[in-house]
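Participant:
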Amino acid sequence: MTLRNILIHPDPRLKAETDPVTAVTDDLRALADDMLETMYHAPGIGLAAPQIGVMQQLLVMDCDKDEDSAGRPMVLLNPVVTWTSEETSTYEEGCLSIPDQYADVVRPTAVEVEWLGLDGDTHREKFDGLWATCVQHEIDHLHGKLFIDYLKPLKRQMITRKMQKLKREKARA
Ligand code: K1U
Ligand code: ZN
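With positions in the sequence shown counted from 1, the corresponding number in the working numbering is that position plus 39.
1. Assuming Y79 is part of the alpha helix (DSSP H), what are its boundary residues?
2. Looking at I187: is its Cβ nearer than 8 Å to the Cβ of R195?
3. What three-state label does DSSP hand H176 in the structure shown?
4. In the DSSP assignment, find the beta strand (DSSP E) that holds A142 and state where it starts and stops.
5. Return helix, strand or coil for K165, following the three-state DSSP convention.
6. Using only CA atoms, which one of M202, A81, M94, T64 lies nearest to Q140?
7. Relative to the C-alpha of L97, which candidate in E126, E208, P51, L70 has its C-alpha closest?
8. Looking at V99 and G85, is the spacing between their C-beta atoms short of 8 Å?
9. For E56 versus H182, is the C-beta distance shorter than 8 Å?
10. Can you tell me the Cα-Cα spacing of N117 and P51, whole angstroms?
11. Since M113 is in the beta strand (DSSP E), which residue starts that stretch and which ends it?
12. Any idea what DSSP makes of E131, helix, strand or coil?
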């Protein structure tokens, strides 16, 4: 397994649409393993393929916070939200592509998602709580949308400028 480099905003690949996965191959399974390793190492609870520069509809997540459990690593290919609750919840979100910046985002409290699994089968599941927030955040990544796109323009610009400065500093180091 290989740790992948996580792109930092602003980057055109984080604003672009991704392509559907057309076949479950050994290369795709290896990519999913790399993404899970990269996510746990960060650490994070989710990671979408464009965040490592791969423009395919693939995301991983594990929102199981129970220290005593083995976790629930999930790999979703071509995920689609098929139902959203009317009820909404606010969660202070972060993003591995926007380090150390957090903001409240309002999203549906629960969602139903359909996806293709690495087993080649179609899966459907209702998510709520942190899982619902995370899967919506990750699916947004697959469509070039970041959590800061839900914020007021001034706040978004402020965060973007901080990230530009961070990237300049990293490039100099
Ligand atoms: O997509 C990403 O950038 C990953 C992101 C997912 C996410 C976080 C919060 C709300 C919605 C989606 C992260 O994992 S940021 C890091 C994080 O939330 C975390 C890190 C360590 C322990 C617990 C959470
Ligand atoms: Zn993110």
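All C-beta atoms, glycine included, are put in the ideal place defined by N, C-alpha and C.
Facilitator: Taking the structure as given:
1. Position 40 of the sequence shown, counted from the first residue, corresponds to residue 79. Looking at the DSSP string, the run of the alpha helix (DSSP H) that includes Y79 is 65-80.
2. By 1-based counting over the sequence shown, the position of residue 187 is 148. By 1-based counting over the sequence shown, the position of residue 195 is 156. A contact, by the Cβ cut-off of 8 Å.
3. Working through the sequence shown from its first residue, we reach residue 176 at position 137. Three-state result, H176: helix.
4. Sequence index remark: in the sequence shown, residue 142 carries index 103 (1-based). That run of the beta strand (DSSP E) goes 142-147.
5. As a working note, residue 165 is residue 126 in the sequence shown. In the three-state reduction of the DSSP assignment, K165 falls in the strand class.
6. As a first step, residue 140 is located in the sequence shown; it is residue number 101 there, counting from the start. Out of M202, A81, M94, T64, M202 has the C-alpha closest to the C-alpha of Q140.
7. Position 58 of the sequence shown, counted from the first residue, corresponds to residue 97. Residue L70 is the option with its Cα nearest to L97.
8. Translated into the one-based positions of the sequence shown, residue 85 becomes position 46. Translated into the one-based positions of the sequence shown, residue 99 becomes position 60. A contact, by the Cβ cut-off of 8 Å.
9. Mapped onto the sequence shown, residue 56 falls at position 17. Mapped onto the sequence shown, residue 182 falls at position 143. Contact flag set, yes.
10. Here the question's residue 117 lines up with position 78 in the sequence shown. Here the question's residue 51 lines up with position 12 in the sequence shown. Spanning the two alpha carbons is a distance of roughly 21 Å.
11. Taking the sequence shown and counting its residues from 1, one reaches residue 113 at position 74. For M113, the enclosing beta strand (DSSP E) starts and ends at 113-123.
12. Residue 131 sits at position 92 when you count from the first residue of the sequence shown. Looking at E131 - three-state DSSP - the assignment turns out to be strand.
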